[in-house]
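Reading through the structure tokens given below for one structure.
Encoded structure:
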């Protein structure tokens, strides 16, 4: 049997492998092979395959037969290509050794540089460079890296020796040590190495190489790497490749240099080479910031040939990779070498500009442009952001509930927020948690910070709906409402003190930090337009007011997926009537109070219908438990009693009677309508009157009446009968017909399990993934803050299921609802209104065939983009599977 | 095409049908046919089939072709058999008309008696009986029944006329009216009839009959009947049969009589004829209690021939039906007629005795005996019951949370309960709701009454565990703790007042009612023994203490399915250490406090292992949220602070910090161990030390360590690793091996959905159907009391899912857990520990292949019985399906 090919050479313009062989060569190895094949000067080297790594482990940590011979043979090819020899006393080859798996992975082995140095080659290096200090510095670095990374010695052992040396020499910087000092240090390092490992530092470069390869392979099953794979579902049997590559030095004199750059401006996306360099320096020096890098024009001036070559290469690379690249190069003795190239990081604005420009340049097509835009980045464009150049003092971190940034003076209650804002003050509302009563204050504030609550707590949901920066569940802050201050560690922040919030990261920052304001550019509009060309899944908005509805239309919503009617209950005088209803002793009393609310609700609906111009509007009937509409503290109750002119005892008694152990699982949603049918009756009346009156005014309407918290088909049947009865009566009364349908939320496990039955009584479903996640996981979103972070930290769960849809559990429920629902009604309209519009979630929604996703207006653009990406990914997979047939 | 047979005759010892034809003849019709075929004298008659009814409706309420002719033909057969003729002026036949579906159903048509009476036949009747009063009384009753039941006239119309007549005559009782008065009344009734219907009262008996048949058919789609069918899943297309039967009269003189009886003593089960009779009286008179019935010996004395016949018949019937029967008979002019026979109702004690006796008499086999025992009735035998002869004043009704009855003086807190009980007072503890702190008081009380909470609230679960009478969720009572009194309607019950609770019905009764004490008889033991012969599913107990464990063994438990370790946390001084643990600032502090708890927990486990003698013991690690261990009111906190010598502010702050929005979905179960691993570590340590020490003392142990609230396999993996690590260490330390396994609760929807993954890390599952019901339904058991009763009342849900397993939703989850779990481990042990041991639930558990059910010790006998019944039912179904192949 012929021996397998375990080692792939690259160098001299020809590589055994290519860029597509990531499985076998790892990402880095494949990239080096690709560049080599492009005739781009890359220091020669070779890649040991992942297959070799796997066989090594299957083989009780022995190299597979023939591998070492192939290493030696390829080493000879490298030596030949570079005109140097490993261990040679005249012209020694030095190499770097790096791990490189298919996926970039934390915990894999770091780079070992300068491998091949020993007493003999060191002397050769001194001679060759004429720089003793450089050579000894390289040697001591090599011993440190080899000792710590390859042999597992605590790096501190070497660092401390270095410190002692500096103390002895009375200097502060490593660079202040001379050649003599470093020679001494090398000696000490070797002694330390022997003390730690029980063996002398290996002089034989091949022995060094073997150890390094072993360490690269070994790092595949290192603790961190193994854990990372487990968490990310990366199979253990992928293995890692090992890259051995010739070292080049940019610090070999004035004819040498090094630099890094981007093929386009990573900040604006402008098409111009954006790079910096250093003459007679090593790559590390640029990174370490020891010397200030020069504009790339300096390279042009001082090493014009190398610059010309670089200019040719970066353009060639960009054309080849069809993307903006981040590159690293070194000029050794006048010769340019490319050390790395990868897709470059960029700002959101740059990402849009580059994608659009490249389409214009015919480098990429629109599909590729869409796939390249990162949804989270897009979000930045819709909100103020913290100036990246600003120095900030982060004092605490909460959950990033609603993106953007906000600066303002701290206030501790909603009333103050409104008062201060009326005086043109910018305020940040800080609360233990928010409740529907705080909405006015939240509106008035620039941003909201809460000590409790999770990603879908009241504060989070409302703030996202308002497009307002919000940080929640910041347990580190200790609020003392009575003193109007909060403390965190040793800081005490008082009312009126400035803080800055970063809702994208969850950071709470001391003082006023300058913000960058968002701007909806033409590029943005172009990307949205292109997205809609590819998107299959519908995009609707969660919007509760005519104002939100208008915003939703502006952002491109194709309808409203969720009108939360309870939000209308809080505005202005309505809350009074609502409370009157709650306090009523009987049905008659409730009906009387509800009659006061009806015209106001009707007005809202007319406003929303008018804005939506005939697009579908899904209106959810009252969902929260009634106690949410009463204040909770004794003081507030006393004020209310006075205001309502009822005995406070009665209010207290009612409040106590309504109290629930687990409100999430309590008397809410359609359960309210089972006990108090008059509430939903009033709401349907208001909706249908609004629809009929709008229709009479030539406004087209698309009414979808939605029943929340359905667990059994009989509930839906009873509710549907009621809705149809009233809808028909109102239409008859108004002598007009309007299209309307009655559907329900699927947000309880049992509803998903019995969706086939429920579908017989529902014209549409809306998957309420927030509550579905809560019931499927048995997890209260408002309480999860106490333990969920530990779950993520310890790797028990990969993501917060309230942010990224849990496909395994909640997803299974959703799939069940879709399959069972459509087994009864083939074309059943099924949406999702849980705000999950991140790419993974939308991809899943598209995959299981949902009709639309719905999210707050400010998240519509993200949904349009991720919807397009999901459709494109699906198409790609289909094309792939067709191709493979 | 031949006309179908729509009418089945019975009479003269020969019936067209038989007892098995319930589908076609309905239950009543089939029974009459069966008796007739047994040569038992039954007044002749005929049954119109359910098929005729169905065709009638398909046919727009027209009789199917040929039916009326068959009615007339069969009427002639009846006339011939009885020697009388319908409408005959000499010897008129009178008939009764009754509906009779396959299943007995409320809302179906009542009986119309004396049909065939008109002016002419009335006179014949007067002549024949020589009793004018009797004849007119029969006539006015007929008009009332026909008018109201058949023609739908409000019965009040006739009742009021009767009242007016009595006023005019200045008499009090109907029987005080003479023949003259009744004749006058008949006249008035006819006028009223005409006024209401617009037509004269029909004189033609055939017209009367046709109307009556129409009414019987019509009642099938009556509102109540239709609703009942919908609720109980009875198909609409079964239809009802219609029975037309000759009237016989026991009030035709001293040679006539009537009676009712049981073939054995329905109270004790003793084998003796247990009947009463009246001479010269109608059946109605016995039922109405107008005259005091005589001992059956009176019949023997006065009508010996009839008695002899009766004696022969009841024995024959019992032998035929192989069960104790309830019979009704009439002697008309010396001739005995049987009017009805059906299986007789009996007390629990009688049920056991009869079943066992009949096995001895070889009338039935053991299987039949087991199937006949009603599980709920069996429960009566284990608890005191209210003397059925006592007159009671029920003042309120709550949920029947724990069966039995209790009498005592009312106290309003646990402390008082303990104090009063120490003074030999019997008390009933009345609380808004109970919490773990009340356990001492609950122990001390005879019974518990709460205003809030559902069937699985704390009070309910704990009381059932104690086998103590308990009524919960009694919303009608208004407790004023400060005044130590509660009110309900106009009653005010103060501390020290007597009340009586019926935990089997949920009734709250004023004052002291005499109770009947339970007695575990030899009959009981026999039934248990027989049950175990047939039962396949295992029966375990939920038991938390050595005392409970002993009780469980005595009741026949085959292991413990659930030890709730948290209950151990409350006892005596332990709660102090627990609170110290909760208040600790860091892991070290918690460990210190836990070290104090460890020896106490160990002691409990040793006690339980010792009692269980090697039977498996499933121990659930700590489940409730930590705040359950702290008191909640400010006063209690202040006392505790003093007691613990810590500032009350610190306690309050901790209490506030631990507060949760939805504790059910909060920081509990294994989530506690993710954040505070030391708690579970201590518990596993205590369990394994207890096991090792027991093993050393030659006590066999079967340890099953159970992790609660698992939602993802990774949780179980982490917990299992911890448990195995500690278990191995303890065994090594003790130099002994004990069998142990680690499993988990499946009580969250997501666990059921991913049970295949979880099974890789679990050696057993226990289905926690309480929490599974809560999460599947999105329903808090503690809050459901506010709306769940409406659901049952309005027929939206058929049962309280916390009492009877919801097969459709929760059952689907259970099935999923079993199938997925066993797809990985074929013989995975899977139990259920949710206390659902009612026949329907156990049948389902048996059906899906659960290994065992587990319930509190007092419910073990029910579980043993229902387990046997489930196995027998399964076998019967199998045999049936085999037979049909």
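Protein chains in written order, with our numbering: chain B, 1 to 885; chain H, 886 to 1770.
In this text, a Cβ means the ideal position worked out from N, Cα and C, and glycines have one as well.
| Query | Result |
| --- | --- |
| Distance between residue 260(B) and residue 276(B) (C-alpha atoms, nearest Å) | 6 Å |
| Cβ neighbours of residue 1605(H) in the same chain (closer than 6 Å, five flanking residues each side left out) | 1627, 1646 |
| Those runs of the alpha helix (DSSP H) which lie wholly inside the region 1285 to 1349 of chain H and span at least 4 residues | 1299 to 1307, 1324 to 1329 |
| Positions along the region 1485 to 1517 of chain H whose CB lies within less than 8 Å of some CB in chain B | none |
| Near-chain H residues of the region 731 to 757 of chain B (beta-carbon distance less than 7 Å), N- to C-terminal order | 748, 749, 750, 753, 754 |
| Sequence-distant residues of its chain with Cβ nearer than 6 Å to residue 196(B) (five each side left out) | 153 |
| Distance, residue 215(B) Cα to residue 163(B) Cα | 27 Å |
| Burial state of residue 766(B) (16 or more Cβ within 10 Å) | buried |
| Residue range of the unbroken beta strand (DSSP E) whose run includes residue 1628(H) | 1625 to 1631 |
| Residue-level contact to chain H via CB, residue 256(B), 9 Å cutoff | no |
| Residues that residue 1552(H) contacts on chain D, provided the C-beta gap is smaller than 8 Å | Of the chains in the structure shown, none is chain D; the protein chains are B and H. |
| Cβ of residue 1013(H) within 9 Å of any chain B Cβ | no |
| Buried or exposed (CB count within 10 angstroms, at least 16 for buried), residue 883(H) | One cannot answer for residue 883(H) here, as it falls past the ends of chain H, which runs 886 to 1770. |
| Other residues of its chain near residue 1322(H): CB distance less than 8 Å, five sequence neighbours each side excluded | 1299, 1455, 1516 |
| CB of residue 1737(H) within 9 Å of CB of residue 1717(H), strictly | yes |
| Per-residue burial, residue 1151(H) [other beta carbons within 10 Å of its own, 16 or more giving buried] | buried |
| Chain H contact for residue 385(B) (CB, 9 Å cutoff) | no |
| Helix, strand or coil at residue 1562(H) [DSSP, three-state] | helix |
| Selected residue, minimal CA-CA separation from residue 619(B), among 627(B), 601(B), 636(B), 634(B) | 601(B) |
| Length of the line joining the Cα atoms of residue 941(H) and residue 1001(H) | 24 Å |
| Residue 1162(H) - DSSP class collapsed to helix/strand/coil | strand |
| Proximal chain B residues relative to residue 1600(H), where beta-carbon distance stays under 7 Å | 796 |
| Cβ of residue 1549(H) within 9 Å of any chain B Cβ | yes |
| Bridge partners - residue 997(H), DSSP secondary structure assignment | 982(H) |
| Residues of its chain near residue 1133(H), where Cβ-Cβ distance is below 7 Å and the 5 sequence neighbours each way are ignored | 928, 1215, 1217, 1222 |
| Spatial distance of residue 1564(H) from residue 1450(H) (CA atoms) | 12 Å |
| Beta-carbon proximity of residue 1388(H) to residue 1302(H), cut-off 9 Å | no |
| Where residue 1427(H) sits in the DSSP three-state scheme | strand |
| Exposure label - residue 1427(H); buried when at least 16 CB within 10 Å | buried |
| Classification of residue 362(B) by the beta-carbon crowding that lies within 10 angstroms, buried from 16 upward | exposed |
| Beta-carbon proximity check, residue 695(B) vs residue 738(B), cutoff 9 Å | yes |
| Beta carbon proximity, residue 1661(H) to chain B, threshold 9 Å | yes |
| Range covered by the alpha helix (DSSP H) that runs through residue 1701(H) | 1697 to 1709 |
| Cα-Cα separation between residue 88(B) and residue 187(B), rounded to whole angstroms | 21 Å |
| Unbroken alpha helix (DSSP H) run spanning residue 858(B), endpoints | It is not in any alpha helix (DSSP H) - residue 858(B) carries neither H nor E in the DSSP assignment. |
| Beta carbon of residue 1025(H) nearer than 9 Å to that of residue 1077(H) | no |
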